[in-house]
Structure formats: C-alpha cells, structure tokens
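Please read the structure below before turning to the comments.
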Amino acid sequence: MTSKGKKKTSRRGFLQGAAISTAALSAAELLKKEVADAASPRQDQAIPLQSTEFDFIQKSAALEPDKIVNSACQFCNSLCRLKVHLKDGRIIDVLGEPNDPVQAGGFCIKGPMMTQLVYNRFRLKSPMKRVSGNKGDSSSKFEPISWDEALSIIASKFLALRDAGQAKAIANKTSGRLPRGTGSLVGRYFSMLGSPNNTDVGPVCNDAGGNALAWTFGLGNFTNGYGIDDVTKKEDLGSAKFFLFLGTNQAETHPVTFAYLLRSRVQTKAKLVVIDPRLTPTGAQADEWIAPKPHTDLALVLGMLYHIVTNNLYDTGFVKRSDFSRDVEKKYGSRLLIANQSNEFKMICAL
Ligand code: SF4
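In terms of the working numbering, the sequence shown is residues 16 to 366.
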C-alpha cells in the first residue's frame, strides 16, 4: 500500500493483470476494443509531422457553395486566378485555381483577404464630406453624400483653381490597379486642365525597371513569363538554368510564381543565387546566399558589369546590334573603373 492507502502496481504486475483481463473479454468486447485502439494513436506510433489534407468543406452544408465565380486577384502582377465561393449571395470562401499550371491552386494571403474589400465594416460605400473640424484634424466629422454632389464639389473647386491660373496646384497619383486605359484618360484630363502634376505609382514602383528594360531590350515590358509561352510553345522562365535574385524576396512578395520556379528547379537543377543583406525566406531556398553590406548594391552591380565587360562575358552579337555597350561605356565607364580598382567593390560591399 502507498502512503495514501492505494495499492501500488508494479509494471510487471500491471502487464500480467492486463493480459488476464484481456483474456477475460468476450469476442464482441475485443472487437470494440480493437476499434477504440485504432481510433486512438498508440504511444509507440509517431504522429506524422506533415499535416494531412482534410477536406472539412465536403459534406458540410454550411460551407458548401451554391455558386462559384471565376475571378482574379488584382493586388499584384501575378494576377492569380480565384474561385470565389458564394452561398446565398454571400462570399464564404476564396480559393486558388487548381488547374492553372503555374498557380497550381496557390496564392498568397492577399487573395482570400479580398473578401474584406466587400465586407470590411470600415469600407466606404459612398463619398464622405467633412461637415465639421479642419482638414487633418482627427476630430473632424464626416457625412456620406451622393456621387453627384461629390463630383459637383470637386469640379467646382478644380475649375476655380484653373480660372485663377493655379491649375498646377492640383496633383494626381493614379493607382496601378485601374482598368486598362484609365490612366491615359486621366493623363489627357490633366493636360486639358493645365496641370503637369499627374503621376502614377511608377516612380515608387517599377519605372526604374521599365526604363532599364526599354534601354536594354527596346521594350519597357517584361520579356519573360511563367509556364509555356503561347508563341514558342516552350517553357519560358521555368527552363532557366541559373537564377540570380538581386534584392528581391520573391518567397514573400510573389509566392505563387516563386513556388513555380522552385518546382521547375527540381527538374532543371537550376542554380539559385540570392543577393540580399538579409537572409530572407527566398535566400533560405538558395544554393548560394550572398550578403553584401546594406546600400552597396550599386557598387556590386558596377563590379559585376566591369567583370563582364572586361572579360568579354557577354553576347557580342547582341551588343553589336544595339547601342548598349557604347552607352554603358560612355555613361558609366569611369564608375566601372572606380568600382573595380583593387577590387574596391568587394571592400565596399564587405564581401
Ligand atoms: S500573389 Fe497574392 S497578391 Fe499577387 S495576385 Fe496572387 S493572391 Fe494576389
């Protein structure tokens, strides 16, 4: 007996007792026990670490959609295909398109968050007019007004500024997610108004890349794509043998296309080199992660350019057909030399 008056059972005694009691069970009881044992994991069986796909939606009346609408996410240029699940006219789920060869059902967190554009309680459903308080004052009060009233107010203020010769006091920044062609209409409108201050997200987004592409390839648009190219019928970016990512964290910013590249890399064995001062999730996938000192990208690229140019490691035919090499030398020659003096770029970048 233990100090608390309970009989202490030895391990051997417990096992013997269990064997006897099992022998005493009827066949039906044994069957019940087997089912129960199968339902609860045995202590000596490891539970798989990887989660298994359970489809909780199937056969759930509440989660089964009565309509699925094909749509697309507009939050980035991956333009993921979406399947919007509706029940009684309400969005109950948003899934990626599983039959898209690049997307393969994937998307990032922003895709399903699009539901918030519809149901978020802070969503503005009509223009709001300040009825008290000063501009920028957090205690200002606003009231909803009709679109007609809002447009009349804006038009009269615009015209008053134009008539006073102050049209340039009106500035505009257009979103990159407007329907195609809208930006050029806004541009024409500002020209007619007489204000040069019309811009879009380009200067803080991809204008530099677009200009570099136009300068190098004669096209301001990307020249590559994901999946099978419609014209050549061949795999495009997925067939690359070497990926160099410089200052781009695609695992987080473009997870769908990055996952596609990783899948294709399994087949092609393409090498992935990531240059980033921080070990990002993208860098963690790389064969080689190079970490220059922050803010030294330009020195690094100039050093690379110098190496390529001085060792003739470029497509001479392509360069002969373009003004590229002459322009590089004319515009950046002195900087290239400076960048490579005594491998200076390596010191600048702390490599
Ligand atoms: S990657 Fe994300 S943000 Fe970009 S299109 Fe797909 S779901 Fe939208």
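Virtual Cβ for every residue (Gly too), placed ideally from N, Cα, C.
- The Cβ-Cβ distance between N213 and V201 falls below 8 Å.
- Put simply, the residues with a CB less than 5 Å from any heavy atom of the ligand SF4 are C88, F90, C91, S93, C95, F122, C123, K125, G126 and V271, in chain order.
- Annotated three-state conformation of S86 is strand, per DSSP.
- C88 has its alpha-carbon roughly 26 Å from the corresponding atom of Q300.
- S147 has K156 as its beta-bridge partners, per DSSP.
- Listed as beta-bridge partners of I323 by DSSP are no residues whatsoever.
- For V117, the secondary structure class from DSSP, reduced to helix, strand or coil, is coil.
- Here F137 carries a coil assignment [DSSP, helix/strand/coil].
- Secondary structure in the region 207-292: the alpha helix (DSSP H) runs of 4 residues or longer, each lying completely within the stretch, are 222-232, 265-268 and 270-283 in chain order.
- Taking the Cβ atoms as the reference, V289 lies roughly 5 Å from F260, within the contact range of under 8 Å.
- If you draw a straight line from the Cα of T295 to the Cα of L328, it is about 30 Å long.
- DSSP lists S86 and G111 as the beta-bridge partner residues of L97.
- Inter-residue distance for L176 and F237 is about 40 Å (C-alpha atoms, whole angstroms).
- Taking the CA atoms as reference points, L313 sits about 49 Å from D70.
- The C-beta distance from A365 to K284 rounds to 31 Å, too long to meet the 8 Å contact threshold.
- Going by beta carbons, L276 and L252 fall inside the 8 Å limit.
- Per DSSP, T297 is one residue of the alpha helix (DSSP H) stretching across P296 to A299.
- Between the C-alpha atoms of S147 and N226 there is a straight-line separation of about 46 Å.
- T130 and C123 have their C-alpha atoms some 14 Å from each other.
- Under the Cβ criterion (8 Å, minimum of three pairs), the region 93-100 counts as touching the region 110-118.
- With fewer than 16 other Cβ atoms from the protein chains shown falling within 10 Å of its own Cβ, S199 counts as exposed.
- For I106, the secondary structure class from DSSP, reduced to helix, strand or coil, is strand.
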